[in-house]
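Asks: Please find one structure pasted underneath; my questions will follow.
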Amino acid sequence: MGEIGTLIRHFALLSLLAFGGGNTVLPEMHRQAVEVSGWLTEQQFADLFAIAQAAPGPNILIVTLIGWQVAGLAGALAATAAICTPACTLTYIAANLWHRFRDRPWRRILQRGLAPVTVGIVAAGAWVVAETVDRSLVALALTLATAAVSLWTRLNPLWVLVAGGVLGAAGWV
Amino acid sequence: MSHPPEAAALSRPVPSRAQLFLAFLGIAMSGFGGVLPWARRMLVERRGWLSGAEFTDVLGLCQFLPGPNIVNVSIAVGSRFHGLGGALAALSGLLGGPVALMCVAGALYARFGGHGAVRQIFAGVAAAAAGLIVAMAVKMAVPLVRERPLEAVPIALAGFVLVGLLRWPLVWVLPPLLAAGMAVAWWRRG
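So the protein sequences, as listed, match chains E and V.
For the first sequence, the numbering used here assigns the number 1 to the initial residue and increments by one for each residue that follows.
For the second sequence, the numbering used here assigns the number 1 to the initial residue and increments by one for each residue that follows.
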């Protein structure tokens, strides 16, 4: 029960810090789950990240997997509810106000001030994850390949994930 | 942001709660490696519930609010059509399928995750999946660096260094960084 309480407290706070989406809080999730609480090893965190990215649905659902590792089904549901509820409540209220204030200049200032912060934090998330999973040159090449495919081609990057799984099964990563 | 005249808004179909649920379920289950592109496809191109400009406007709001963007989009779109009931219908459509799937995946991983072969496969998939975030960071950074380098790059860089390299807790970094971002945006307001 104590663990579930920690899960809820932690993810509910992250919910309100996740400006710019789930990837913003990846470094913080990693810090909490691996370094502070010791819920997961580096390897487990990287694995759960891979499942959440590869599976359909919002990538934020890595919290469901972390919750499952910590406390089974109850942990999974508690973590999911905790990451969603605070932000959803806020969005529900704000969505109604947003429409009313759409032409105000301060709204534009808020957006412009927020954007660079969001970009910096997302880049930090990319760095933390890449540093965790890229333990070999092949792994690094896979990361760069997926990035290149999603930046410069119209191919579904899922194919690179499949290729990664095949190379991994062959023991090359 | 421009909005279409009322007449155009009225001529667009209004989804029921059940249709909202099913549409967001469809969005979630097709969203491999990212859901937002599928949301636009479904809501604007296939169903015609929102115009392109309305979708951009809703997404703008959702990016500015904390929380996963697509989750916020489901709340904003659902509540636009049917208030609280619509928001809950869209949200449960979006999360229901994937959460069930994650629970199965989590159980399988907890049981078989330690096996060598499974471990190796994940190492490969994880390395490839990391590229998705790298690409997203690049996509987000490019327009910002192009449009207002002097204003945005120092703040973005500070966030990257403090959180990514130095691993400072986000709760310490975000408030001062946001304050700095807002101050610069205020100072440079056109």
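Virtual Cβ for every residue (Gly too), placed ideally from N, Cα, C.
None of these values were measured; they are calculated from a predicted model.
#1: In chain E, which residues lie with their C-beta within 7 Å of the C-beta of G48 (chain V)?
#2: Checking 8 Å against the spacing of the C-beta atoms, do G22 (chain E) and I66 (chain E) come in under that value?
#3: Kindly list the residues whose CB is nearer than 6 Å to the CB of L142 (chain E), restricted to its own chain and excluding five residues on each side of it in sequence; keep chain order.
#4: Tell me the residue span of the alpha helix (DSSP H) that contains S51 (chain V).
#5: For W172 (chain V), which residues in chain E fall below 7 Å Cβ to Cβ?
#6: Could you give the first and the last residue of the continuous alpha helix (DSSP H) run that contains A148 (chain E)?
#7: So what's P66 (chain V) in DSSP terms, helix, strand or just coil?
#8: Mind pulling the chain E residues with CB within less than 9 Å of S79 (chain V)?
#9: Does the separation of the CB atoms of W127 (chain E) and G164 (chain V) fall below 8 Å?
#10: Which residues bound the alpha helix (DSSP H) around L40 (chain E)?
#11: At least one CB of chain V closer than 8 Å to the CB of G125 (chain E): is that the case?
#12: Any beta-carbon of chain V closer than 8 Å to the one on W68 (chain E)?
#13: Per DSSP, what kind of secondary structure is F81 (chain V) in: helix, strand or coil?
#14: Below 8 Å on the Cβ atoms is my guess for P66 (chain V) versus S15 (chain E); work out the distance and round it to an integer in Å.
#15: Under 8 Å between C-beta atoms, does A39 (chain V) make it to chain E?
#16: Indicate whether at least one CB of chain E lies closer than 8 Å to the CB of V163 (chain V).
#17: Since F19 (chain E) sits in a beta bridge, which residues does DSSP pair it with?
#18: Find out if the Cβ-Cβ distance for the pair F21 (chain V), A87 (chain V) is shorter than 8 Å.
#19: Leaving out five residues on either side along the sequence, give the residues of the same chain with a beta carbon under 7 Å from the beta carbon of L140 (chain E).
#20: Is there a Cβ from chain V that is less than 8 Å from the Cβ of A147 (chain E)?
#21: What number of angstroms, rounded off, separates the C-alpha of V58 (chain V) from the C-alpha of A169 (chain E)?
#22: Going by other Cβ atoms of all chains shown within 10 Å of its Cβ, with 16 needed for buried, is W172 (chain V) buried or exposed?
#23: Could you run through the region 49 to 64 of chain E and flag, in chain order, every residue whose CB is less than 8 Å away from some CB of chain V?
#24: When burial is assigned at 16 or more other CB atoms within 10 Å of the CB, is H115 (chain V) buried or exposed?
#25: Output the boundary residues of the alpha helix (DSSP H) element that contains T24 (chain E).
#26: Got a sec? Which residues, its chain only, sit under 7 Å from R9 (chain E) by beta carbon, not counting five neighbours each side?
#27: I'd like the list of long-range same chain contacts for I109 (chain E), defined as Cβ closer than 8 Å, with 5 residues on each side in sequence excluded.
#28: Mind checking if L16 (chain E) is an interface residue toward chain V, Cβ cutoff 8 Å exclusive?
#29: Using a C-beta cutoff of 8 Å, does L161 (chain E) count as contacting chain V?
#30: Would you say A123 (chain E) and A137 (chain V) are within 8 Å of each other, going by their C-beta atoms?
#31: CB V63 (chain E) to CB A46 (chain E), shorter than 8 Å?
#32: So, is T24 (chain E) buried or exposed, given that buried needs 16 or more other C-beta atoms within 10 angstroms?
#33: Kindly indicate which residue of E:P157, E:P27, E:F19, E:A130 has the alpha-carbon position closest to the one of R167 (chain V).
#34: One question on the structure: do T132 (chain E) and E42 (chain E) come within less than 8 Å of each other, judged by their Cβ atoms?
#35: Counting contacts by CB-CB distance shorter than 8 Å, is G181 (chain V) in contact with chain E?
#36: In whole angstroms, what is the alpha-carbon distance linking A204 (chain V) and G131 (chain V)?
Replies: Checking against the coordinates, here is how it stands:
#1: Chain E residues near G48 (chain V): none, gap ~20 Å exceeds 7 Å.
#2: no
#3: So the list reads G164, once near-sequence residues are dropped.
#4: Here S51 (chain V) belongs to no alpha helix (DSSP H), and DSSP marks it neither H nor E.
#5: In chain E, no part has a C-beta under 7 Å from the C-beta of W172 (chain V); the shortest such distance is about 11 Å.
#6: 137 to 152
#7: strand
#8: T91, Y92, A95, N96
#9: With contacts defined by Cβ atoms closer than 8 Å, W127 (chain E) and G164 (chain V) form a contacting pair.
#10: Here L40 (chain E) belongs to no alpha helix (DSSP H), and DSSP marks it neither H nor E.
#11: yes
#12: yes
#13: helix
#14: 7 Å
#15: no
#16: yes
#17: V:P66
#18: Contact flag unset, no.
#19: Result list for L140 (chain E): D134, in chain order.
#20: yes
#21: 42 Å
#22: exposed
#23: Answer in chain order: F49, A50, I51, A52, Q53, A54, A55, P56, G57, P58, N59, I60, L61, T64.
#24: exposed
#25: No alpha helix (DSSP H) holds T24 (chain E); DSSP gives it neither H nor E.
#26: none
#27: none
#28: True, the Cβ-Cβ gap to chain V drops below 8 Å.
#29: So yes, L161 (chain E) belongs to the interface.
#30: yes
#31: no
#32: buried
#33: Per the C-alpha coordinates, the member of E:P157, E:P27, E:F19, E:A130 positioned closest to R167 (chain V) is E:P27.
#34: yes
#35: G181 (chain V) has a beta carbon lying within less than 8 Å of a beta carbon in chain E.
#36: Chain V is shown from 1 up to 190; residue 204 (chain V) falls before or after that span and cannot be answered.
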